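A.B. asks: Here our numbering = 1-based position in the sequence shown + 490. Would you mind keeping the following structure in view while I ask a few things?
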Amino acid sequence: MSSAYANEIVRLADDLLLGLRFPAVSSEAVLHKAMHLARVTNQAEYAEYFRREAEGYPDSYDGPRLLRMSGRMVSDRLFIQPSILHLERVLPAQRQSAEQARQRFLSASGANVDRHLGTFQTSEASKTQTERVIDTFRRETHSFAAMTRFQALFGDASGNIFDLYRRSVDGLLADEAADAISKFPAVFERLAAGDTEAIGHAMLSCRRIVEAFAERICPAQAEQIEVEGEKIDIRSGNTKNQLRAAIRAATTSDSRRARLTRGANALWERVSTGVHADIAPDEARALVLNTYLLLGEIAEMRASVRN
C-alpha cells in the first residue's frame, strides 16, 4: 500500500469516525461516507451491506449473514426490510406512538386494561426493533471504519512482523511434524475457492493437522498421565488432552499455559464443528491462521526447553 493511498484511507476513515461521534449527524451522511470508503478499499461484503442499508432489503433477499450482521432478523423467515434512512425517519413517530400507548395503558381500568396493554406492547416492540437496527448500523460502521484505519496505518508493519515470525516458526514446525505442516498450502488453496464444500475440506485438513501435531509431540498411550494434579486420558483420539500435556511440559508459566490450553481447546472445538457445519470464509481463514500461530508457539516453547 503506497503512503499516499494509506494516508487517504486514514483521512476518509477519520472523517467517518468523526461523523459517528455525533448523534446529530444523520445516518444518510454516515452512509454516504461509509459506502465511499468500502468502494475505495475494495471491501465487497461491507459495500453490499451499506448498499442494502441504503436501499432496503427486498422480500426475496437471501443473505442470512448480512441480515444477522445488521440486526434485522426477527425470526428465521422474517426480517426488517426498510432502509436505514426510512427507519431513521419513522423512529420519532414510533417513539411518540409508544409513549401515547403507555400513557393510555397506565390510565386504563377494567376491561380496557388488556386491550391497552396489547397496544402498548406492540408499539414498544416496533420502536425497540427500529432502535436496535439503527444502533447496530452505527456500531458496525464504527467497527468497519476503525478496522480500515488500522489496516491502512499498520498493514505493512503487521505483515513484516508475521513474515519474521513465519521464518522463525516454519523450520520448527517442520522438525516437529513435517507431514502435518506440509498440508498448510493445500488448506489455503481450498480456502481460496470460497465455496462451502471447499471450506469444509479446509476445516477437515486443519483438524487433521492438529491431530497429527498432537500425536507427534505427545504420542498416545494406554495409561493415563497426571497433569496439574489431574489424571487425563491421552489415548489416540484425545487430541485436546495430548495438546494439554504437551503445553504443560513446555512451559513453567501458569498464565501462558492457561492461555494456550484455552486457545487449543477452543480451536479444536471450532475446527471440529467447522467440518460439519457451514462456516463463513473469513472465520475459516482466521481459524487456519490461528492453527498455524498456536502450533508455532507450542513448537517454539518446545525448542526453548530442548535448548
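Just so you know, even glycine gets a beta-carbon here, dropped at the ideal spot from N, CA and C. Computed from a predicted structure; not experimentally measured.
Helix, strand or coil: which one does DSSP assign to F512?
C.D. replies: Coil, per DSSP.
A.B. asks: Roughly how many whole angstroms lie between the Cα atoms of D505 and E543?
C.D. replies: Near 20 Å, if we compare the C-alpha coordinates of E543 and D505.
A.B. asks: Less than 8 Å between the C-beta atoms of V717 and A740, yes or no?
C.D. replies: Cβ atoms of V717 and A740: not closer than 8 Å.
A.B. asks: Looking only at its chain, what residues have a beta carbon closer than 8 Å to the beta carbon of K523, apart from the 5 residues adjacent to it on each side?
C.D. replies: Answer for K523: L502, D505, L506, G509, listed in chain order.
A.B. asks: Would you call K721 buried or exposed, if buried means 16 or more other Cβ atoms sit within 10 Å of its Cβ?
C.D. replies: Under this definition K721 is an exposed residue.
A.B. asks: Among Y536, E773, G553, whose alpha-carbon lies nearest the alpha-carbon of I689?
C.D. replies: The option with the nearest alpha carbon to I689 is E773.
A.B. asks: Rank C696, Q732, E705, P709 by C-alpha distance to the C-alpha of S762 and give the top, closest one.
C.D. replies: Looking at the Cα atoms, C696 is the closest of the given residues.
A.B. asks: Please determine, among R698, V623, E589, F595, the residue with the shortest C-alpha to C-alpha distance to S573.
C.D. replies: When only C-alpha atoms are compared, the closest one is V623.
A.B. asks: Relative to the C-alpha of T751, which candidate in I769, T729, L662 has its C-alpha closest?
C.D. replies: For T751, the nearest C-alpha among the options comes from T729.
A.B. asks: With three or more beta-carbon pairs closer than 8 Å as the criterion, would you say the region 566 to 580 touches the region 610 to 624?
C.D. replies: In short, these stretches touch, since the Cβ pair count reaches three.
A.B. asks: One question on the structure: do A872 and R555 come within less than 8 Å of each other, judged by their Cβ atoms?
C.D. replies: The requested residue 872 is not part of the displayed model; the chain covers only 491 to 797.
A.B. asks: Can the beta-carbon of Q571 be found closer than 8 Å to that of S616?
C.D. replies: Contact: no.
A.B. asks: Just to confirm, are F634 and Y495 a CB contact at a threshold of 8 Å?
C.D. replies: Not a contact, by the Cβ cut-off of 8 Å.
A.B. asks: In the structure shown, what three-state DSSP assignment does S565 receive?
C.D. replies: Reduced to three states, the DSSP call for S565 is strand.
A.B. asks: Can you tell me the Cβ-Cβ gap for M525 and F540, rounded? I've got them flagged as a contact below 8 Å.
C.D. replies: That pair is a contact at about 5 Å.
A.B. asks: Given this structure, state the Cα-to-Cα distance separating L521 from E498, to the nearest angstrom.
C.D. replies: Those two C-alpha atoms are separated by around 18 Å.
A.B. asks: On a CA-only basis, which of L581, I737, L596, L733 is nearest W758? Give me that one, please.
C.D. replies: Closest by alpha carbon: L733.
A.B. asks: Can you name, in chain order, every residue of its own chain whose Cβ lies under 8 Å from the Cβ of L581, other than the five neighbours on each side?
C.D. replies: Hits under 8 Å: K617, T620, E621, I624.
A.B. asks: Under 8 Å between the Cβ atoms of T626 and G561?
C.D. replies: Yes, these two residues count as a Cβ contact at 8 Å.
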